[in-house]
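This report refers to the structure that appears directly beneath it.
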Amino acid sequence: SNLRYATQKASRHGVNILIEPLNHYDAKGYFLSTTAQAANIIEEVAAPNLKLMFDCYHVQLMEGDLTHRLSTLMPLIGHIQFASVPDRGTPDHGEVNFDHVFDHIAQLGWEKPLGAEYKPHTNTEQTLNWMKNLR
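Sequential numbering of the sequence shown, starting at 82, is according to my numbering.
And the structure:
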């Protein structure tokens, strides 16, 4: 398979390959829309450098229950991204309590960077106030 080939080539350089489920509202027709589908692919390929890109925005829209999914899938996760839901804006508003989610991620022992992948309503520098409360 293409993923087996890619993971073999990438492993020679110490690189992970990430697969990301996307919601079917923003990415109509995209083949991968749930973390369960991604986990099945990761388990089938069985390459230690094939990981899940856990995008809180997409997962919340498609499946919800972010903290449970993070707990369950943590061994498969290679990177975590976040944005407010439902507008993909800054994480200081919307239906997800990111203070709680970030605390949960820390409790799970995650020490890697997190990716803020949101659509700024103005220039990015003016949208960074949400970071003031981070530890």
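Beta carbons are placed, not taken as given, at the ideal position from N, Cα and C, and that holds for glycine.
Output yes or no for whether 9 angstroms exceeds the beta carbon distance between residue i and residue j.
| i | j | result |
| --- | --- | --- |
| A108 | I98 | no |
| L133 | L103 | no |
| S165 | Y138 | yes |
| N130 | A91 | yes |
| R150 | T205 | no |
| H160 | K213 | no |
How many Å lie between residue i and residue j at the Cα?
| i | j | result |
| --- | --- | --- |
| S152 | F135 | 12 angstroms |
| V182 | P156 | 17 angstroms |
| L195 | L147 | 15 angstroms |
| A128 | Q162 | 22 angstroms |
| H202 | T208 | 7 angstroms |
| V126 | R85 | 6 angstroms |
| M143 | V177 | 13 angstroms |
| G175 | G95 | 37 angstroms |
| S82 | I123 | 12 angstroms |
| Y106 | Q89 | 33 angstroms |
| A197 | F179 | 11 angstroms |
Report the three-state DSSP secondary structure of residue i (helix, strand or coil).
| i | result |
| --- | --- |
| K132 | strand |
| H160 | strand |
| L209 | helix |
| A77 | Summary: the structure shown does not reach residue 77, with the chain confined to residues 82 through 216, and so no result is reported for it. |
| H185 | helix |
| V177 | coil |
| A28 | Any question about residue 28 goes unanswered here, given that the chain covers just 82 to 216. |
| H202 | coil |
| R150 | helix |
Counting only the same chain and skipping the five closest in sequence on each side, list residues whose C-beta sits under 7 angstroms from that of residue i.
| i | result |
| --- | --- |
| W211 | T171, P172 and D173 |
| A119 | I100, P102, L113 and L133 |
| G190 | none |
Skipping 5 residues on each side, what residues in its chain have a beta carbon closer than 8 angstroms to that of residue i?
| i | result |
| --- | --- |
| V140 | P102, T116, L147 and R150 |
| L215 | F183 |
In chain order, what residues of the same chain have a beta carbon less than 6 angstroms from the beta carbon of residue i, not counting five sequence neighbours either side?
| i | result |
| --- | --- |
| Y199 | A164, R169, G170 and T171 |
* To do: Enumerate, from N- to C-terminal direction, the unbroken beta strand (DSSP E) stretches of 3 or more residues contained entirely within the region 95-122.
  => Counting whole runs of 3 or more residues, the region 95-122 contains the beta strand (DSSP E) stretches 98-100.
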